[in-house]
Each structure stands twice: as structure tokens, then as C-alpha cells.
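Going by our numbering, the first residue of the sequence shown is number 346, and it counts up by one from there. C-beta: ideal position from N, C-alpha, C; glycine also. All values derive from a computational prediction rather than experimental measurement. Each remark here refers to the structure printed beneath this line.
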Amino acid sequence: MSGQPGPGATPTLRFLGGADSVTGSRFLIEFESTRVLVDCGMFQGYKVLRERNRAPFPVPPDSIDAVVLTHAHLDHSGYVPALVRDGFDGPVYATPATTDLAGIMLPDSGYLAEEEAKRAERRGYSKHAKPLPLYTAEDAERSLASFVRVDFDTPHDVGRGIRFTFVPAGHILGAAGVRVEVGGRSVRFTGDLGRPHDPIMQPPRPLEPADVLVTESTYGDRSHPTIDPEDVLADVVGRVVKRGGVVLIPAFAVGRTETVLYHLSRLIDSGRVPDVPVFLNSPMAIDAAGIYQRYPREHRVDPQRFRRMYELANLVHDVDESKLLNLRGGPMVILSASGMLTGGRILHHVAAYAGDKRNAIVLVGYQAGGTRGSALLGGATSLRIFGNDVPIRAEVVSIDGMSAHADADELYDWLAAVDVPPDIVYPVHGERDAADALRARLQRQLGWRARVPEHLETVRI
């Protein structure tokens, strides 16, 4: 501990992130002499949010005793390297699969940040003479030594009077809800909640009673389309291939990539779409495939289908191979990160192919406000990429049905099935409209006490 003023005799919860946005999940539990941070995410989207990543952490990193991660997506884990670099020296608790995924995702995040900073300096499109990455690949590698594996359903003591347990949440490999027992009270964090009938992941564990519930609300104001996403994908790939075009699919390297490959393999094997070349241009997604094979009980895909998913794709490893794809032309499908077009190799492909109306960009996940993906959904006719305005003439298609997040009805049904309602619910990790829609629904239909918290607000547990 740093000796800074902090925890007191009454357990409290501070919303250091995720309280007014769909990214940057960070929730601080304080009790007596202990501080535990649940999730340590990176803010993404609007610049005003991204600037929070550069601000000093709201409490001194060396005053935090432990970090508990719900899962490996960067908006929940991506700030860990910076926290460790700036003085945090405690354990980072995560499930075994989350720990394995973080081992590839965090160094990749640091590497991409370094590359972006170098490119901005070289091309002169940063306002800083010497732009610096949020953290480096070396920072990320160093932070991995802090990870401690904790299995699902295994209570683990953290300091005096605080215990946590990981509960399966679906969503992606290793994803967990977190139950925290502190000072005689219980707080349940949903993390990102998966779907009951996801084609890849197992469903989330039913909700058990807790005094305080902190729930995600990403899709709190909308339902996923009832149309089969496989039908939509078949439609768009079929018509783009017919006109000799390129299908660009920005997808999160962990979670969404597997879902897209699953559907594409089924469509090609059944003859519903032509046997078009498919390129998986994401080294991290290729590495993640091996991790999925280590944890067969956490997902639904049988070994034969899993092998077929990756046999289908031409795996792109190095940068030269990636650059050649931009010269190849269609017909072909390119699947690459990042899913919200915030960075990664997909940006080079968009710059190469988005100007041709024969091509298509297929969005298969949530697009946070302020991202390039969100701009495309809003009808943007150009995107700013690497300091240039890239015209968008390609067809833009959104397939919401591939989301790994529970939608409004799935989330409500999961919450409403609990035997004993919580004393209070805090909807977080959603845009303001989504979080408030969930709050209102819980109050009106279930009679629960619910309130959307403010950024940096502190509440008693």
C-alpha cells in the first residue's frame, strides 16, 4: 500500500470506468485496508473517453491490492500493462483461459500501439512531435507475470474480509461473472453476458441471489434480429462474389472471428455460397484457435467442425502477406481485426478496397460510439485512416445477430429468473440510452430498485 487515504470500515464501490460508456470497465471495491479492482479495461470510441487512458489512474496504482478480470477483451483487460508499469505490484486474478488469451492479446495491443505511434510520427498526422504509445509490447509482456490462474467456482480470498468467485458467463472463452463477498455483503458483476443459444459458447450460468448487482447493458435498449445471421451472411457473400468483389469482415480476434468462421464453413460446405477464397489476416486470431482447443468444455464446437473452420481459411501470418492481399482483388473474403475498425490490419484493407462499390464491409459486432465502425453504421461516406480521408463506396452491411452479448430480452430474462432480487442494480457498460432503458425496465416490470451510476461515483455496498 502507498499510505494514500483509501479504504474505510464500510465497504464501498467506485465506478472508475464503464459507468457512462460501453468500454473502460473498472470497478473498485474498498474495505478496511484493502482495495480490489474488478476489471482494468481500456476506454475506446470517442476521443473524450480515449483521453481517460492517458490521465493518471483515479487512485494510485500501488494502493490497489489485487485486480480481478472478468475476461480478456481489451475494454475489460487492456489497461493492465499500464497499471503494472505505473506501480501496481499485486496479483491479477483471471480464469485459466482468460490468462492464456491475455498472453497474446496484451502484447499485441502494445505492439499495435507502438506501430501506430511510429506511423503517426513518420507521416506527421499526430499533434504531438513525438507521439507515444499508451504502453509498449514490453510493458505488456512484463505485466503477464502478475497473472494468477483461478478456476471457475473456486472461492479465493483477497486481503482481509474480501472473497471472490468466478462464475461462467458465456460470451467468449474464459469469460466470467464475478461474485464478491465483502463485509457481510455480496456484489455480483455480470462481466459481459453471453447468449443462451450462441453457436460457439456455452450459455451463462443462471444468476444466483446477491445484495448488489452490477450488470452490463450493452444491448439494454434493443433486441437482436430474429433472422438467422447465417442467412444474412450467405446473402451478402453470394452477391459480392457474383460481382467479383471483396468482402471485408472486421472482427474481434477472440470471439467474433470464431463465430464468422463457423458460419462461413457451414455455408461453403452446404454449397449455399461459392467456394470463395477466405483469408484470416489476424495472427492473434490464429494463435487463439489453439487456446480454444485447450478448453473444449467451455464451447459447443465439436473437434471436426473446429478443424474445418481453420482448414477453410488461408492463414495470413506476416506483414508482406497482408500487403499482397491489397493487390489481389476479388472475389475473396478477408476476415481481420479490429472489430470496431479502431486499429489493426483491417484498416489497410479498408483503405485499399472501400472505394470500390463492388466490395462490401460487413460489421458483425457492437460498434461503440466514436469508432470508425459506428461512423460506417451512421452512413459515413469517408473514414479518416492513417491521416487520410478514405472514400466509402463499398456496400456496408451490419449483422447484429452475430453478437456474443445478450440482447435486451435475453438479459432481462436472465435477470428476472433469480430467486431473490438484489437490493439494487447498477446498469453499466452501455451507452446512456441502453443503460437507462434497462434501468427503467427493471423498475417498471420487476419493481426492482435500479440506478445508472455516474463516472467516478462512489456508493456503499
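Original post:
Residue ranges of each beta strand (DSSP E) run of no fewer than 3 residues wholly in the region 489-540, ordered along the chain?
Top reply: 492-494, 507-513, 521-527 and 530-534
**OP:** Let me know if residue 585 comes out buried or exposed under the rule of 16 or more other beta-carbons within 10 Å of its beta-carbon.
**Re:** buried
Subject >> Rounded C-alpha distance that separates residue 787 from residue 762 >> reply: 12 Å
**OP:** Evaluate contact between the region 412-421 and the region 360-372, counting only Cβ atoms and requiring at least three cross-stretch pairs below 8 Å.
**Re:** yes
**OP:** Using the Cα positions of residue 734 and residue 463, report the straight-line distance between them to the nearest angstrom.
**Re:** 19 Å
Subject >> Three or more C-beta pairs below 8 Å linking the region 512-531 and the region 391-404 >> reply: no
**OP:** Let me know the beta strand (DSSP E) ranges lying completely inside the region 346-401, each 3 residues or longer, listed in chain order.
**Re:** 357-362, 371-376 and 379-383
Original post:
Terminal residues of the continuous beta strand (DSSP E) containing residue 550?
Top reply: Here residue 550 belongs to no beta strand (DSSP E), and DSSP marks it neither H nor E.
Original post:
residue 531 to residue 715, Cα distance in whole Å?
Top reply: 35 Å
Original post:
Count the other CB atoms within 10 Å of the CB of residue 393; is the residue buried (16 or more) or exposed (fewer)?
Top reply: exposed
Original post:
Between residue 447 and residue 492, is the Cβ-Cβ spacing less than 8 Å?
Top reply: yes
Subject >> Start and end residues, alpha helix (DSSP H) containing residue 753 >> reply: 753-761
**OP:** Keeping to the same chain, check which residues put their C-beta closer than 6 Å to that of residue 546; ignore five residues upstream and five downstream.
**Re:** 515, 539 and 644
Original post:
Taking C-beta to C-beta, are residue 601 and residue 749 nearer than 8 Å?
Top reply: yes
Original post:
Once you ignore the five residues that flank residue 441 on each side, which residues in its own chain have a CB closer than 6 Å to its CB?
Top reply: 494
Original post:
Should residue 731 go down as buried or exposed, given a rule of 16 or more other Cβ atoms within 10 Å for buried?
Top reply: exposed
Original post:
In whole angstroms, what is the alpha-carbon distance linking residue 770 and residue 760?
Top reply: 10 Å
Original post:
In the structure shown, what three-state DSSP assignment does residue 717 receive?
Top reply: helix
Subject >> Distance CB(residue 764)-CB(residue 554) smaller than 8 Å >> reply: yes
Subject >> Span of the alpha helix (DSSP H), counted from its first residue to its last, around residue 576 >> reply: 574-587
Subject >> Where residue 659 falls: helix, strand or coil (DSSP) >> reply: strand
**OP:** On a CA-only basis, which of 609, 688 and 705 is nearest residue 465? Give me that one, please.
**Re:** 688
**OP:** Could you pull out every residue in the same chain whose Cβ sits closer than 7 Å to the Cβ of residue 757, ignoring the five residues on either side in sequence?
**Re:** 786
**OP:** Evaluate contact between the region 606-624 and the region 676-694, counting only Cβ atoms and requiring at least three cross-stretch pairs below 8 Å.
**Re:** yes
Original post:
Using the beta-carbon count (16 or more within 10 Å), is residue 416 buried or exposed?
Top reply: buried
Subject >> residue 779 - DSSP class collapsed to helix/strand/coil >> reply: helix
Original post:
Using a Cβ-Cβ cut-off of 7 Å (strictly less than) and excluding sequence neighbours within five positions of residue 671, which residues of its own chain qualify?
Top reply: 693, 694 and 697
Original post:
Should residue 712 go down as buried or exposed, given a rule of 16 or more other Cβ atoms within 10 Å for buried?
Top reply: buried
**OP:** Please determine, among 587, 682, 656 and 667, the residue with the shortest C-alpha to C-alpha distance to residue 599.
**Re:** 682
Original post:
Hey, how far is the Cα of residue 346 from the Cα of residue 724?
Top reply: Residue confidence is low: residue 346 scores 37 on pLDDT, short of 50, so the model does not pin down where it sits. No coordinate-derived value is stated.
Subject >> Residues of its chain near residue 603, where Cβ-Cβ distance is below 6 Å and the 5 sequence neighbours each way are ignored >> reply: 545
**OP:** Report the residue from 662, 578, 633 and 767 whose alpha carbon sits nearest the alpha carbon of residue 744.
**Re:** 578
**OP:** Please check the pair residue 717 and residue 708, which I expect to be a contact at CB under 8 Å, by giving their CB distance rounded to whole angstroms.
**Re:** Between residue 708 and residue 717 the Cβ distance is about 10 Å, and since that is not below 8 Å, they are no contact.
Subject >> Segment contact flag, the region 623-642 with the region 654-673, C-beta cutoff 8 Å, min 3 pairs >> reply: yes
Subject >> Buried versus exposed call for residue 649 [16 or more other C-beta atoms within 10 Å across all chains shown] >> reply: exposed
Original post:
CB residue 807 to CB residue 356, shorter than 8 Å?
Top reply: The structure shown does not extend to residue 807, since the chain is modelled only from 346 to 806, so the question has no answer here.
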